[in-house]
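Structure, as structure tokens:
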Amino acid sequence: MNLSIGTPPVLTFSVLADTGSNLIWAQCAPCTECFQRPTPPFQPGSSSTFSKLPCSSSFCQFPMTNPYGTCNATGCVYFYPYGTGYTTGYLATETLEVGDASFSSVVFGCSSENGAGNSSSGIVGLGRSPLSLILQLGISRFSYCLRSDMAAGASPILFGSLAELTDGNVQSTPLLTNPAAPSSSYYYLNLTGITVGPAKLSVTSGTILDSGTTLTYLVEDGYATVKQAFLSQMANLTAVNGTSFGLDLCFQTTGDGGEVPVPTLALRFRGGAEYVVRRRSYFGVVAVDSQGDVVVECLLVLLSSTNLSISIIGNVTQMDMHVLHYLDGGTFSFAPADCAKV
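In structure tokens:
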């Protein structure tokens with residue numbers, strides 16, 4: 001999504017919209033360790049509405065805001081970890097613009113150091129914590145449509161009354177909280193099964209939606225069942241180890257340049273909703289030969305971390321779908337879409 005920050009707008013840049021986290025942050029100058037991006041770091045001194053957040057602010061007290069931080073002369077200093085990286089800096093308030101809408105006094109992280117992760121210029125947390133953009137602005141619904149063709153431009157994100165699915169193929173499932181962690185800010189769904197080709201598999205798992213995670217991860221029993229279904233239904237191809245590609249289940253193709261036939265993949269949720277995943281969102285090319293012909297394709301689904309007992313639906317699986325989070329209504333809805341027309 002595109003975001004403008006400051007008054008007058010000092011910087012307009014592309015950020016990652018992340019339903020799996022809560023902090024809003026942007027790279028700020030001076031920056032000791034920033035990612036090299038086309039857009040330079042935000043210059044707080046160039047904005048008339050920038051203000052450091054005092055340590056007395058309630059936002060500085062949240063454990064999830066400041067789990068490893070302190071209050072000092074810099075202000076409310078935070079260290080915010082992600083699964084594959086971190087960002088650190090201090091909290092401030094500023095005017096943000098998303099599309100034609102302007103929002104004042106939004107709490108965000110002015111980041112001076114970033115490590116590993118997605119190398120983004122910033123992240124907008126859309127989780128269910130008071131620190132997220134959604135709860136700060138009192139937004140009860142939002143939708144987005146992630147483009148599979150990222151060169152075509154930023155993926156659209158809509159808030160409030162603009163967030164609406166009008167396609168006739170809309171399906172919905174309850175948006176839940178985790179009974180084992182009722183204060184968790186994740187968006188939970190109840191996965192009741194997975195269909196691979198003609199096989200309806202009994203795969204049940206608590207599942208979170210995370211647009212900040214790239215791939216989809218399944219709990220151990222579910223992943224083993226899905227993997228075996230693909231192996232059985234693609235027995236005519238040679239399976240290869242995908243470790244060198246950062247994946248697991250891969251297949252050697254014919255090298256004739258065409259896509260090999262693969263079983264369809266659908267996720268089934270409570271209430272009967274069936275999320276049919278587009279082929280390129282669960283099966284991808286990872287190697288081509290010198291003539292440019294495809295020689296290895298892999299399943300873009302992996303085993304969930306051993307310390308997690310939950311499945312994660314990442315952003316690749318969500319591509320080319322218009323998805324709606326309706327917090328007040330307690331539903332997650334989706335429909336196939338051409339994101340350029342959303």
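Using the UniProt record's numbering, you'd call the opening residue of the sequence shown number 1 and step up by one each time.
Using N, Cα and C, we set each Cβ at its ideal position, and we do this for glycine too.
Burial of A163 is indicated by the presence of at least 16 other C-beta atoms within 10 angstroms of its C-beta. Taking the C-beta atoms as reference points, L126 is found nearer than 7 Å to I134. In the DSSP assignment, the residues bridged to Y82 are G85. In the DSSP secondary-structure assignment, N178 is bridged to A181.
Membership of Q27 in the beta strand (DSSP E) is indicated by the continuous run 25-27.
Taking 4 residues as the shortest admissible run, the region 93-162 contains the following complete alpha helix (DSSP H) segments, listed from N- to C-terminal end: 133-136. Nearest to D18 by alpha-carbon distance, out of R37, Y144, T32, M150, is Y144. The beta carbon of R278 sits closer than 6 Å to the beta carbons of D320 from its chain, once the five residues preceding and following it are set aside; these are given in chain order. Counting the other Cβ atoms within 10 Å of the Cβ of Q318 gives 16 or more, which makes it buried. Proximity to I157 across E97, D221, C28 peaks at E97, based on C-alpha coordinates. F334 carries a strand assignment under DSSP once its states are collapsed to helix, strand and coil.
Comparing alpha carbon positions, the residue from F245, T88, T214 closest to G314 is T214. Annotation for Y223: the continuous alpha helix (DSSP H) segment containing it runs 220-233. Note on geometry: alpha-carbon atoms of C60 and A29 lie some 21 Å from one another. Buried is the label assigned to R141, since at least 16 other Cβ atoms lie within 10 Å of its Cβ. Note on geometry: alpha-carbon atoms of S102 and T95 lie some 7 Å from one another. Looking at Q171, T264, W25, the one whose alpha-carbon comes closest to that of T195 is T264.
C-alpha of S305 to C-alpha of Q43: approximately 38 Å in a straight line. With 16 or more neighbouring CB atoms inside 10 Å of its own CB, S211 falls in the buried class. V219 and S309 have their alpha carbons spaced roughly 6 Å apart. Within the region 14-63, the complete beta strand (DSSP E) segments at least 3 residues long are 16-18, 25-27, listed from N- to C-terminus. Annotation: P41 to Q252 spans about 44 Å, alpha carbon to alpha carbon.
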